[in-house]
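Q: Take this structure first; my questions come after.
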Amino acid sequence: ARSVGPQGRFVYLRHPERAVDHTAYNVLRHAGTVFSMAQYVAAYASVDPARSRSLLAPATRAARFLAAHHIAPVAEQRAMLGVWEQDVSASAPTHAKLGGAGLALVAYASLLTVGVKVLPLSKLQQIASFIVFLQKPDGSFYSKYVPALGGRRDNWTSLYYPGEAALGLVMMYERDRDSQWLQAALRALGYLARS
20 ARSVGPQGRF
30 VYLRHPERAV
40 DHTAYNVLRH
50 AGTVFSMAQY
60 VAAYASVDPA
70 RSRSLLAPAT
80 RAARFLAAHH
90 IAPVAEQRAM
100 LGVWEQDVSA
110 SAPTHAKLGG
120 AGLALVAYAS
130 LLTVGVKVLP
140 LSKLQQIASF
150 IVFLQKPDGS
160 FYSKYVPALG
170 GRRDNWTSLY
180 YPGEAALGLV
190 MMYERDRDSQ
200 WLQAALRALG
210 YLARS
């Protein structure tokens with residue numbers, strides 16, 4: 020919680036004697052940390068309510084930062100939102116990753132569980148639609164979306180992204196009961212089991 024800056028961006032490094040400029044920022048780690056903070060709030064609300072409540076404000080700030088700086092439409096697919104590596108408020112986004120979309124869904128759904136609504140359900144559905152768009156018929160996924168290179172890319176794969184996407188889709192299904200999310204998650208898990 021102390022590492023969440025006033026705008027909601029995480030401070031990666033602290034040095035006791037001098038300022039440290041750490042320009043690289045990992046949006047997947049950001050979303051995963053918001054998820055962890057929400058899990059803590061949910062798990063310890065009855066055990067340690069004061070500490071649990073103390074995480075709500077920084078987790079909410081971090082979730083708002085993610086929405087404002089890394090979530091933007093997918094140009095060719097206007098009904099979809101991608102989670103972009105670059106700060107979309109500063110420059111045109113160049114690539115979005117499957118894992119970012121999966122972890123963002125997990126983070127926002129987890130916050131909803133503890134009573135914090137940062138994005139409306141319609142926006143979460145647009146992120147889930149992007150995940151489904153990245154899925155192949157066999158249940159596997161394109162790991163990246165790079166508009167300048169024609170869109171969906173599978174020249175690199177991640178061991179973790181499919182599981183993050185499946186978890187996000189299951190949590191999305193828990194929110195709105197649209198069977199497409201559950202079916203896509205089952206296809207993803209089936210592919211992982213077979214491979």
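Each residue of the sequence shown is one higher than the one before, counting from 20 in my numbering. From the three backbone atoms N, C-alpha and C, an ideal C-beta is built for every residue, glycine too.
#1: Would you kindly check if the distance between the Cβ of Gly134 and the Cβ of Gly187 is under 8 Å?
#2: Looking only at C-alpha atoms, which of Arg72, Thr113, Gln58 and His49 sits nearest to Tyr164?
#3: Considering only the alpha carbon of each residue, which of Leu201, Pro35 and Ala184 lies closest to Val125?
#4: Measuring only the C-alpha atoms, how far is Ala204 from Leu47?
#5: With distances taken Cα to Cα, identify the nearest neighbour of Leu178 among Ser162, Tyr127 and Val189.
#6: Among Tyr31, Ser65, Pro181 and Ile150, which has the Cα closest to the Cα of Tyr210?
#7: Do you know offhand how far Ile90's Cα is from Ser214's?
#8: Assign Ser73 to one of two classes, buried (16 or more other C-beta atoms within 10 Å of its C-beta) or exposed (fewer than that).
#9: Measure the CB-CB distance between Gly101 and Phe149 and report whether it falls below 8 Å.
A: The answer reads as follows:
#1: No. Outside cutoff.
#2: Residue Thr113 is the option with its Cα nearest to Tyr164.
#3: Nearest of Leu201, Pro35 and Ala184 to Val125, Cα basis: Ala184.
#4: Each residue's alpha carbon lies about 19 Å from the other.
#5: Cα-wise, what sits closest to Leu178 is Ser162.
#6: Residue nearest to Tyr210 within the set Tyr31, Ser65, Pro181 and Ile150 is Pro181 (criterion: CA-CA distance).
#7: Each residue's alpha carbon lies about 31 Å from the other.
#8: Ser73 counts as exposed, since fewer than 16 other C-beta atoms from the protein chains shown sit within 10 angstroms of its C-beta.
#9: The criterion of a C-beta distance shorter than 8 Å is satisfied by Gly101 and Phe149.
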